Structures are given as C-alpha cells and as structure tokens.
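Residue numbers (the numbering used here): 1 to 323.
Shown next, in the form of structure tokens:
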C-alpha cells in the first residue's frame, strides 16, 4: 500500500517512479496494462507517480497520447497518490505554456519542465532563466517541476538557478541527475523553506542524497525493483538497519549498468516475468534485448528476490492487482 498520501501544495516524501508505457504488439498504447501497471507501483509503496516521462517514451507519443496516458494514470490513482507529468516539448515558450495547461487539466499535481527544451545547449543560463520566468508568468499558478532529462541533451539546473526561481513559489519537484553529492546538498539547501522537493534519479547516490535531505527517489530501477527502492527510502536513516541499508545500496550500485542496457525493453521484460501482461514492444530505438541480457536480468531478479526475503519485504503479486 502507499507509504504516504498526497499533501496540499507539495509532493510527499518517498519513491516517485518514472512510469513505463505499455504498448500492444500493434504499437498502440495498451491502456488495460497501463491501469495494472499503475496499481503495481501503488501497491509497491510509491508515494507518487511520474507519468509521460522519458521512461514512458514520451517523445514517441503523439500529443493526444501524452494527454490520454496522463489522464488514465490520474483517473486510475483516484487520488490515492499524486501524479506529475511532462508538459514541455520544445518550441516557443507560449506554445509550451499552452501544453503545460493542457497537461495540468488532466488532474496532475504538478507539470514537469524538461530543462533542455527551454534553452539550447549553446545558450546561457541567463537565457534559460529569462524563458523560465516567461513560462511561469504564462502558466498562472500551476505547480511546476524540473527534469534534467538526458534527451535531447542534459541541461543541469544549478543551485544558483534554483535560488533565482525559488521565490516564485512554483517549483515543487526536481528530478535530479547531476550525479554530484555536494551539488545535491546545495540544491536541497536552496530549497529549504519552500514546497520544493528533490528526488534523486541516480541510485548510486540514493542514501547520501536522502541523508542530505532529499525528498525521495525517482529512478528507473523502480520499474524492476520498486519494493527495494521503497524500502531504502523508508529505512535509509534507521539506525538499527544500517547494515541492511548498505546491502541494498550496494545492490543498486552493482546493477546500474545492466538496468540501463536495452532500457526500457529490459524493464518490460522484468515486469513480464513478474506476471504483468506487458508486451516487450518499445517505440524507442534501443539496443536489442539479447538472450545474454535476459539471462543476466534473470539472475539479477533472483538476487533481488533473495535480498527481499532476507529483509522481510513482501513482494507485490502482479496477477491480483485488477480483476
């Protein structure tokens, strides 16, 4: 069950998974499996959901599909946990602001801004800030968040940029991909006293970020091992479980390369093995899921299952989520 409930004006602490989009073999969005997948995340203990993100293959979805997928997730959660979703896909800021409003109208708690779609790689932070202030002005009081998405390029949002924007009171979520403990701590310090929450995407730094005051985690590993991510978010500061915390942190360090290979197909494969009726169909052009990769992932799942057993974590049984 969820580890926490939505709070007014801010997002709850904990694990906010970056959701996959299931497709039928025809390539159409598989809405029935998406509903089951939503239940899977919630039953695993997710504090919120990030729909229409890179893991969702957002760039391969049409505008209508982005809205429909987000609305389905919002409706399926029925207020049990908050949902955030991407609302910026390039072009003039006025155009991006219009789609931010459309995404917000689906019922999400915050709309996520892709940092690399506000300014080009060769444009300065000053240009980025000018356009962000324009976007904020054009989107009324809609809560916003940042995602330092690696596609089309990774644009990091420094603590200095955050310091400039925090007084607007509009930023409540930041999916952090800077991979830098010291900078994470600076960003968290800048956001102190605001509704802002930093959710680290980099599981190698999960414990250090949480100990520095991160609100939670938003990582791709949550698509294969959500129970372990939730356990870590709930126990990182438990003095009686520090040896176990180190074991779980090391598990995520060790599997980093594998879970990023052939992603998101490899995540769909893992969920399929867990009983979710999800196709391996992936619209993104990714590396092939070879038999060797499947064997490696099978072995990793066995390792994860044994770790969960030793920690006393009850796994989610996918087959009983709906129907």
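Heads up, the beta-carbon is just placed ideally off N, CA and C, and yes, glycines get one too.
Computed from a predicted structure; not experimentally measured.
Open item on the list: If you reduce the DSSP assignment to three classes, tell me which class residue 126 lands in.
Closed with: The residue you call residue 126 lines up with position 126 of the chain shown. If DSSP states are grouped into helix, strand and coil, residue 126 belongs with the helices.
- [ ] Could you have a look at residue 213 and say whether DSSP puts it in helix, strand or coil?
- [x] Within the chain shown, residue 213 is the residue found at index 213, counting from 1. In this structure, residue 213 counts as coil in the three-state DSSP scheme.
Open item on the list: Do residue 15 and residue 316 have their beta-carbon atoms positioned less than 8 Å apart in this structure?
Closed with: For this step, residue 316 is matched to residue 316 along the chain shown. For this step, residue 15 is matched to residue 15 along the chain shown. Result no, Cβ atoms of residue 316 and residue 15 do not sit closer than 8 Å.
- [ ] Count the other C-beta atoms from every protein chain shown that fall within 10 angstroms of the C-beta of residue 13, then say buried if there are 16 or more, exposed otherwise.
- [x] Position 13 of the chain shown, counted from the first residue, corresponds to residue 13. By the 10 Å Cβ count, residue 13 comes out buried.
TODO: Report yes or no: do the segment 60-77 and the segment 118-137 share at least 3 C-beta pairs separated by less than 8 Å?
DONE: Result no; under three Cβ-Cβ pairs closer than 8 Å.
- [ ] Check whether the Cβ of residue 176 lies closer than 8 Å to any Cβ atom in chain D.
- [x] In summary, chain D is missing from the structure at hand, where a single protein chain is found.
- [ ] Could you have a look at residue 147 and say whether DSSP puts it in helix, strand or coil?
- [x] Counted from its first residue, the chain shown places residue 147 at position 147. Secondary structure at residue 147: strand, using DSSP grouped into helix, strand and coil.
Open item on the list: I'd like the list of long-range same chain contacts for residue 224, defined as Cβ closer than 7 Å, with 5 residues on each side in sequence excluded.
Closed with: Residue mapping note: residue 224 aligns to position 224 of the chain shown, counting from 1. Taken in chain order, the residues that qualify are 259, 267 and 270.
Task: As assigned by DSSP and simplified to three states, the class of residue 153 - done: Along the chain shown, read from residue 1 onward, the residue named residue 153 stands at position 153. Here residue 153 sits in coil by DSSP.
TODO: Leaving aside the five residues before and after residue 97 along the sequence, list all residues of the same chain whose C-beta is less than 6 Å from its C-beta, in chain order.
DONE: Your numbering for residue 97 matches position 97 in the chain shown. Excluding sequence neighbours, residue 97 sits near 135, 138 and 139.
Task: Proximity to residue 103 [Cα-Cα], best of 83, 28 and 231 - done: Walking along the chain shown from the start, residue 103 turns up at place 103. That would be 83, whose Cα lies nearest to the Cα of residue 103.
Task: Those residues which DSSP pairs with residue 173 across a bridge - done: Numbered from 1 along the chain shown, position 173 holds the residue referred to as residue 173. Per DSSP, 145.
- [ ] Determine, using beta carbons only, whether residue 384 and residue 247 come nearer to each other than 8 Å.
- [x] Missing from the structure shown is residue 384; the chain here goes from 1 to 323 and no further.
- [ ] With distances taken Cα to Cα, identify the nearest neighbour of residue 49 among 117, 218 and 313.
- [x] For this step, residue 49 is matched to residue 49 along the chain shown. Of 117, 218 and 313, the residue nearest in Cα terms is 218.
Open item on the list: If I measure Cβ to Cβ from residue 245 and keep anything under 8 Å in the same chain, skipping five residues before and after, which residues do I get?
Closed with: What you label residue 245 is simply residue 245 of the chain shown in a count that begins at 1. In the same chain as residue 245, and ignoring 5 residues on each side of it, the C-beta atoms closer than 8 Å to its own belong to 207, 232, 235, 236 and 238, in chain order.
TODO: Report the residue ranges of all alpha helix (DSSP H) runs contained in full by the segment 257-295; include only those spanning at least 4 residues, in chain order.
DONE: Scanning the segment 257-295 for uninterrupted alpha helix (DSSP H) segments of 4 residues or longer gives 265-273, listed from N- to C-terminal end.
Task: residue 187 versus residue 162: straight-line alpha-carbon distance, rounded - done: Here residue 187 is taken as the residue at index 187 of the chain shown, counted from 1. Here residue 162 is taken as the residue at index 162 of the chain shown, counted from 1. Note on geometry: alpha-carbon atoms of residue 187 and residue 162 lie some 7 Å from one another.
Task: Coil, strand or helix - residue 199 by DSSP - done: As a position in the chain shown, residue 199 is number 199, starting the count at 1. In the three-state DSSP reduction, residue 199 falls in the strand class (E or B).
- [ ] Please state whether DSSP places residue 15 in a helix, a strand or coil.
- [x] Here residue 15 corresponds to residue number 15 of the chain shown, with the count starting at 1. Here residue 15 sits in strand by DSSP.
Open item on the list: Let's test the definition: count the other Cβ atoms within 10 Å of the Cβ of residue 295 and tell me whether it reaches 16, buried, or not, exposed.
Closed with: As a position in the chain shown, residue 295 is number 295, starting the count at 1. Exposed: under 16 other Cβ atoms inside 10 Å.
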